[in-house]
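For reference, the structure discussed in these notes is given below.
There are 2 protein chains.
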Amino acid sequence: MPVARLVMRSALPGTVFEGPGVIWCRLRSEESVDAVLKVVDRAGGQPLVLLCDEPNESLVMQALALGAAGCCNTHAAPDVLRQVALVVSNGGLWVGQSLLKKLVGVTSQRLGQLPPEGKSDDWSALLSERESQVARLVAAGSSNREIADQLAITERTVKAHLTAIFEKLGLRDRLQLSLRINGLKI
Amino acid sequence: MPVARLVMRSALPGTVFEGPGVIWCRLRSEESVDAVLKVVDRAGGQPLVLLCDEPNESLVMQALALGAAGCCNTHAAPDVLRQVALVVSNGGLWVGQSLLKKLVGVTSQRLGQLPPEGKSDDWSALLSERESQVARLVAAGSSNREIADQLAITERTVKAHLTAIFEKLGLRDRLQLSLRINGLKI
DNA sequence: GAATCTATTGAACCAAAGTACAGCCGGCGG
DNA sequence: CCGCCGGCTGTACTTTGGTTCAATAGATTC
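Residue numbers (numbering that gives the first Met the number 0), protein chains in the order written: chain E, 0 to 185; chain V, 0 to 185.
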């Protein structure tokens, strides 16, 4: 009951409304996320939920990155909003199903890459340190020229490393290497 | 009250216990996440929470990637577990504070890299049917020759489709296309 | 000290990827 | 009917990727 009323009132442009344990904040289409979040006083670390007219993934990510506990459609059903309130007021994070999948997928691969010595991925064990650097840059989409500049070596040397990498891992080209490094292919 | 009792019983090694709206599953130190999650029957899409003796970031990420709604310490305080139950039974995701920060941080960084107004899966909407087929094959690591054979067209035509794809998605080469298709660039 | 591994580079070369500038055909909407 | 778009292809070209001959130098190991 309180949640529904909160939403009704927070639907007014620019309105910030504080409910039991949750701060709701309406974000109009033309407003930027950081600008709005900056002016909201978050006393006591209360979770904040953004209400957007047209939420999209990049917007939601931005909101989460800036400390919001969730972001959902202004015109979402009251039941949904009640659930959101319940989740975030208990320290949870409200993420849409599709975004969640993507976010977790990307990040888990990313975390797996970051520790140079950490994980089981055989490629890092098979390659020398320098070769691993080159491999990572290739997997991120860089060209030989870019890699050469970044590592301050010749493009020729980059090619030499790549030839060695392909040989060691039994791969054909940089695309297959990318799939291997990113954990998408054996 | 029910939550506390659930946890007590699910603390037995390998035990899977179903509470009101939540499935709890104990993960022992020597067990692998995917092995355990694979055998759990998730009827009705109920959220599942993993209870680990020594949770770490990579473990939690793995659990989330495999569809768990959360992962917390087996010996967590009853109050915490009650909150977790509340959050996930309402469709929320339970992420520890420190991990949350890291997760959002890493992902938001990548948002800054590729601003050109593209969500990660708008590609299928922007491309024609034939172009999508080519894009998928490229993302899987196929060469132009292989794609041509597979689609029973000329290598020249494959190149034509690729040129159109690069233009439409604002990409440079097949490697970047692969990253885009595989959701590694947002 | 010889052998081995790694990093680095050069010149030349082949192959694959990608672009530029075309053309042909079929369907579809005004 | 005509313009537009999607699919398909050709010739010729530039760029990038990758290999095959090398060679030099430091570090490590036996």
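From the three backbone atoms N, C-alpha and C, an ideal C-beta is built for every residue, glycine too. Quantities reported herein were computed from a predicted structural model and do not represent experimental measurements.
If we cut at 8 Å on Cβ distances, does residue i have a partner in chain E?
i: Arg129(V); result: no
i: Leu150(V); result: no
i: Asn181(V); result: yes
i: Gln132(V); result: no
i: Arg144(V); result: no
i: Leu126(V); result: no
i: Leu85(V); result: yes
i: Arg155(V); result: no
Chain V beta carbons: is any one of them nearer than 8 Å to that of residue i?
i: Glu166(E); result: no
i: Arg135(E); result: no
i: Gly169(E); result: no
i: Leu178(E); result: yes
i: Leu49(E); result: no
i: Leu174(E); result: yes
Would you kindly report the start and end of the unbroken beta strand (DSSP E) that includes residue i?
i: Trp245(V); result: What is shown of chain V runs 0 to 185, which leaves residue 245(V) out entirely.
i: Leu126(E); result: From DSSP, Leu126(E) is part of no beta strand (DSSP E); its letter is neither H nor E.
Consider the C-beta atom of residue i and the heavy atoms of the ligand HEM; say whether any pair is separated by less than 7 Å.
i: Cys51(E); result: In the structure shown, the ligand HEM is absent, as is every other ligand, since no ligand is present at all.
Use the C-beta contact count for residue i: other C-beta atoms within 10 angstroms, 16 or more gives buried, fewer gives exposed.
i: Ala124(V); result: exposed
i: Glu130(V); result: buried
i: Arg173(V); result: buried
i: Ala151(V); result: exposed
i: His160(E); result: buried
i: Arg171(E); result: exposed
i: Val105(E); result: With a pLDDT of 48 at Val105(E), under the threshold of 50, the modelled position of this residue cannot be trusted, and the question is left open.
i: Gln175(V); result: buried
i: Ser141(E); result: buried
i: Ser88(V); result: buried
i: Ser127(E); result: exposed
Between the options, which has its C-alpha nearest residue i's C-alpha?
i: Leu168(E); options: Ala134(E), Asp52(E), Gly69(E), Arg81(E); result: Ala134(E)
i: Leu178(E); options: Asn143(E), Leu50(E), Ala139(E); result: Ala139(E)
i: Trp93(V); options: Leu50(V), Glu154(V), Trp122(V), Leu26(V); result: Leu50(V)
i: Asp52(V); options: Thr153(V), Thr156(V), Cys24(V); result: Cys24(V)
i: Asp121(E); options: Gln149(E), Leu136(E), Val157(E), Gly182(E); result: Gly182(E)
i: Glu68(V); options: Val59(V), Pro46(V), Ala84(V), Leu85(V); result: According to the sequence displayed, residue 68(V) carries Ala and not Glu. Ranking the options by Cα distance to Ala68(V), first place goes to Pro46(V).
i: Val21(V); options: Val83(V), Cys71(V), Thr73(V), His74(V); result: Val83(V)
i: Ile180(V); options: Asn72(V), Leu136(V), Leu26(V); result: Leu136(V)
i: Leu58(E); options: Leu85(E), Leu80(E), Glu30(E); result: Glu30(E)
i: Thr73(V); options: Arg81(V), Asn143(V), Leu26(V), Gln132(V); result: Leu26(V)
i: Glu154(E); options: Leu80(E), Arg144(E), Gln132(E); result: Arg144(E)
Let me know the secondary structure DSSP gives residue i once reduced to three states.
i: Ser177(V); result: helix
i: Val21(E); result: coil
i: Leu183(E); result: coil
i: Leu186(E); result: With chain E represented from 0 up to 185, any question about residue 186(E) goes unanswered, as that position is not in the structure.
i: Leu26(E); result: strand
i: Arg171(V); result: coil
Specify, as a first and last residue, the run of the alpha helix (DSSP H) that residue i falls within.
i: Leu50(E); result: Here Leu50(E) belongs to no alpha helix (DSSP H); instead the beta strand (DSSP E) covers 47-51.
i: His74(V); result: Looking at the DSSP string, His74(V) is not in any alpha helix (DSSP H), and its letter there is neither H nor E.
i: Asp148(E); result: 143-150
i: Leu161(E); result: 154-168
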